[in-house]
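K.L.:
Following this note's numbering, the numbering of the sequence shown begins with 1 at its first residue and continues without gaps.
Glycine included, every Cβ here is placed at the ideal spot set by N, Cα and C.
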Amino acid sequence: MNAVEQQYDGLDFEASIKQEYLIVTGANNQGRRIGKGVVVIRPTTHTRFYSIIVPLVTAIAAGSCTALELADTMLNVDSVLKDILPKSLDPDTFCIINATLYSQEHVFLVDQTAQSNVSSVDRLCSNYSARAIAIVDRDADIEFAAKTIVKARFSFQGTSPYSPDLIVVNEYIKDEFTEACSRYAGKFFPSMSKSITVRNNNFLETKKALKAAEEKGEVTTSGTTLFKIVDIHDRSCPMTKMKISGYCLSIISSSSLVDSVSISKLSPDLLALYTFSDPVTAKFLSQHVNAHTSFANSIPSHILVGPAAPITPVPAPPHHKYSTNMFSSPRPQYIALPAPSSDLALIDDMLARFYEPAGQSWALVKLRGKVVGKDGKAAKLLKPKKVQPEGSQLGFFEQGILLGAGLVLTVIISTAIGGIWVVKRSIKEQRPL
Numbered sequence: 001m002n003a004v005e006q007q008y009d010g011l012d013f014e015a016s017i018k019q020e021y022l023i024v025t026g027a028n029n030q031g032r033r034i035g036k037g038v039v040v041i042r043p044t045t046h047t048r049f050y051s052i053i054v055p056l057v058t059a060i061a062a063g064s065c066t067a068l069e070l071a072d073t074m075l076n077v078d079s080v081l082k083d084i085l086p087k088s089l090d091p092d093t094f095c096i097i098n099a100t101l102y103s104q105e106h107v108f109l110v111d112q113t114a115q116s117n118v119s120s121v122d123r124l125c126s127n128y129s130a131r132a133i134a135i136v137d138r139d140a141d142i143e144f145a146a147k148t149i150v151k152a153r154f155s156f157q158g159t160s161p162y163s164p165d166l167i168v169v170n171e172y173i174k175d176e177f178t179e180a181c182s183r184y185a186g187k188f189f190p191s192m193s194k195s196i197t198v199r200n201n202n203f204l205e206t207k208k209a210l211k212a213a214e215e216k217g218e219v220t221t222s223g224t225t226l227f228k229i230v231d232i233h234d235r236s237c238p239m240t241k242m243k244i245s246g247y248c249l250s251i252i253s254s255s256s257l258v259d260s261v262s263i264s265k266l267s268p269d270l271l272a273l274y275t276f277s278d279p280v281t282a283k284f285l286s287q288h289v290n291a292h293t294s295f296a297n298s299i300p301s302h303i304l305v306g307p308a309a310p311i312t313p314v315p316a317p318p319h320h321k322y323s324t325n326m327f328s329s330p331r332p333q334y335i336a337l338p339a340p341s342s343d344l345a346l347i348d349d350m351l352a353r354f355y356e357p358a359g360q361s362w363a364l365v366k367l368r369g370k371v372v373g374k375d376g377k378a379a380k381l382l383k384p385k386k387v388q389p390e391g392s393q394l395g396f397f398e399q400g401i402l403l404g405a406g407l408v409l410t411v412i413i414s415t416a417i418g419g420i421w422v423v424k425r426s427i428k429e430q431r432p433l
C-alpha cells in the first residue's frame, strides 16, 4: 500500500494541465512524457498481491490503460482481485484477461515470468531465473552474515528471486559460518512445524538436483526435515549454476578473493551480489562481479518482496521495482529555441544562403577559419586533462606480496641473529682460559 500511496501523492492535476499548455504560452515543454498506451501485466506467483498492484498503479499513474492476465487458478488472492479491481477501476481503462495474451502487437508487456533478459521498447521483463550470490570474506562478521543470509534464503518459503542461491565463503571461516547458519536456521522455524509443503515445480527441481548431487558425492547435507545446509565439494556440480527454491542453503568454499570472483562468474549477469566484508573488499568484489545490483553487508528486506527488478536503463525507485518513467516515453515539445552559439550561427547562416552560392561559399570559408588556422592546424586545441595521480594505496596483491616478503625476512633475520649468537657462544666456550 506504500507504493499506492506514493503514486497517489505524486498526482498533481493542476501542474499536469499547466505543463500540457506550456507550448501555447510560448514556453518549451522539454519534460513532456506520454503513457505507453495499453499495458499488459503478466504477474509472478511470488508475493502475488504486491507483484500485481505495484505495476498496476504505476502504469495508471503514468497515464496508460492496463490489462491484467489472471488465469483461472485456486489462489485466493486472484479471486479477491478479480472481484475488487473491476469494481474499483474505470472499465474503459482496465480489464482482466483470463488467458495468456499471445498476440502482443500494439501493447506494452510487463512480463514477470521471463527467463532471459529480453526487455525492449515494447516489453519490460523481470528475469526470475537470474541468480543471486552472497560472498562472505574472512574479515566478515560471521554471526551477522549467517543470520542475514539465513533470513533472506528462507523468507517467503525461499521463493524470492533475490534470495541468495549460492554462498561463497572463505575456507578459513567456512566451518564456523556453516555452524552459525545451522544454528540460525534451527531458530527460524517454529517448533510445531512438521513438513514443507511443495507449492511449485521449482521446489521439485531443487530437490531433484540435490538428490542427484548427493548420490554422486558432489555435496554433503546437514539439517532437518525442514531445511538443508548443502556443502558443495565439486564446483562442476549443477547446484552451483541453478536457481534454488525452497529451504536449501548452498555453501561453497573459496581460497581467495580472486577465487570468489571466479566462482561467481560461473553464472553470467547475476541478479544481485551480497558481500560481507570490509568496505575495501566489498568495493573490489562488486567491481569485478557482474551483477545488476550489489549490496555490502546487508540484504534489504524490501528487495525480497515482489518480482525481480525489470531489465531497463531507467533506474528503479529506492524501495519498489517500478517507476512511472518505465511506463512512459519522452515526447518533448519546443517552440522557443535558445540563441545558437557562434559556431551553430555560422551553420544556420550557411544553410540560410543555400540559394546564394557565393554567400554559401563565404560562410563555408568563415566556418573553416573557425576550425582550422592559417597554418593548417586546428585553430583551437583541446586542453590536456590533469594526469591521474599514481595510486598511493596498496592493492590486494601488493599487500600479499609485502606480507609474504615480511614474514620471510623476519624468519631469515631471526635465524641469522640466532646463528651469530650460537657461533659467538661456541667461540667463547672453545677459547682457553
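So ASP165 packs on LYS243, CB below 8 Å; how close in whole Å?
P.N.:
6 Å
K.L.:
With H, G and I counted as helix, E and B as strand and the rest as coil, what does DSSP make of LEU344?
P.N.:
helix
K.L.:
In angstroms, rounded to a whole number, what distance separates the CA positions of ILE52 and GLU171?
P.N.:
42 Å
K.L.:
By Cβ distance, which residues of its chain are closer than 7 Å to HIS302, with the 5 residues on each side in sequence left out?
P.N.:
HIS319
K.L.:
Whole angstroms are fine: how far does the CA of ASN297 sit from the CA of ASP259?
P.N.:
20 Å
K.L.:
Would you grab the beta carbon distance between PRO310 and LEU124 for me? Rounded to a whole angstrom, and I think it's under 8 Å.
P.N.:
5 Å
K.L.:
Given a threshold of 16 other Cβ atoms within 10 Å of its Cβ, counted over all protein chains shown, does PRO268 qualify as buried or as exposed?
P.N.:
exposed
K.L.:
By Cβ distance, which residues of its chain are closer than 8 Å to ALA336, with the 5 residues on each side in sequence left out?
P.N.:
GLY26, ALA27 and ASN28
K.L.:
Hey, out of VAL387, LYS386 and ALA180, whose CA is closest to ASP141's CA?
P.N.:
ALA180
K.L.:
Can you tell me whether ARG425 is buried or exposed, with buried defined as 16 or more other CB within 10 angstroms of its CB?
P.N.:
By the 10 Å Cβ count, ARG425 comes out exposed.
K.L.:
Start and end of the alpha helix (DSSP H) containing CYS181?
P.N.:
174-188
K.L.:
Put VAL77 into one of helix, strand or coil per three-state DSSP.
P.N.:
helix
K.L.:
If you draw a straight line from the alpha carbon of GLN157 to that of LYS265, how long is it in whole angstroms?
P.N.:
27 Å
K.L.:
Within its chain, find whatever has a CB closer than 7 Å to the CB of PRO317; leave out the 5 residues flanking it on each side and keep chain order.
P.N.:
SER323
K.L.:
Using CA coordinates, which residue listed in ASN325, ALA61, THR44 and THR206 is at the minimum distance from VAL77?
P.N.:
THR44
K.L.:
Assess contact between the segment 221-230 and the segment 92-112, defined as three or more Cβ pairs (one per stretch) separated by less than 8 Å. Is contact present?
P.N.:
Per the Cβ contact rule, the segment 221-230 is not in contact with the segment 92-112 (fewer than 3 Cβ pairs under 8 Å).
K.L.:
Quick one: what's GLY223 bridged to in DSSP?
P.N.:
LYS228
K.L.:
Compute the Euclidean distance between the alpha carbons of SER262 and LEU271, then round it to the nearest angstrom.
P.N.:
17 Å
K.L.:
Work out the CA separation of TYR274 and VAL408 for me, nearest whole Å.
P.N.:
36 Å
K.L.:
So what's SER262 in DSSP terms, helix, strand or just coil?
P.N.:
helix
K.L.:
What residue range is occupied by the uninterrupted beta strand (DSSP E) comprising VAL168?
P.N.:
166-170
K.L.:
Determine the direct distance from the alpha carbon of GLN30 to that of ARG331, and round the result to whole angstroms.
P.N.:
Going by C-alpha positions, ARG331 is about 8 Å away from GLN30.
K.L.:
Taking 7 Å as the threshold (C-beta atoms), are SER245 and THR206 in contact?
P.N.:
yes
K.L.:
Could you please give me the residues that DSSP links to CYS248 through a beta bridge?
P.N.:
LYS228
K.L.:
So, with DSSP's three-state summary, where would you put LEU68?
P.N.:
strand
K.L.:
Rounded to whole angstroms, what's the CA-CA distance from ASP175 to ARG153? Just pull it up for me.
P.N.:
19 Å
K.L.:
How would you label ALA352, buried or exposed, when you count the other beta carbons within 10 angstroms and need 16 or more for buried?
P.N.:
exposed
K.L.:
Where GLU14 and CYS95 are concerned, what is the direct C-alpha to C-alpha distance, given to the nearest angstrom?
P.N.:
Computed Cα separation, rounded: 28 Å.
K.L.:
Can you tell me where the alpha helix (DSSP H) with THR148 in it begins and where it stops?
P.N.:
142-154
K.L.:
Among TYR128, ALA62, ILE232 and VAL280, which has the Cα closest to the Cα of TYR8?
P.N.:
ALA62
K.L.:
By how many angstroms is the C-alpha of THR66 removed from the C-alpha of VAL150?
P.N.:
Cα to Cα, the separation comes out at about 38 Å.
K.L.:
Given that a residue counts as buried once 16 or more other Cβ atoms are within 10 Å of its Cβ, and exposed if not, what is HIS46?
P.N.:
Classification of HIS46: buried, given that the 10 Å Cβ count is 16 or more.
K.L.:
Where does GLN115 sit, in a helix, a strand or coil, going by DSSP?
P.N.:
coil
K.L.:
Using beta carbons (cut-off 7 Å, strictly below), is LEU407 in contact with chain D?
P.N.:
Looking for chain D here will not work: only one protein chain is present.
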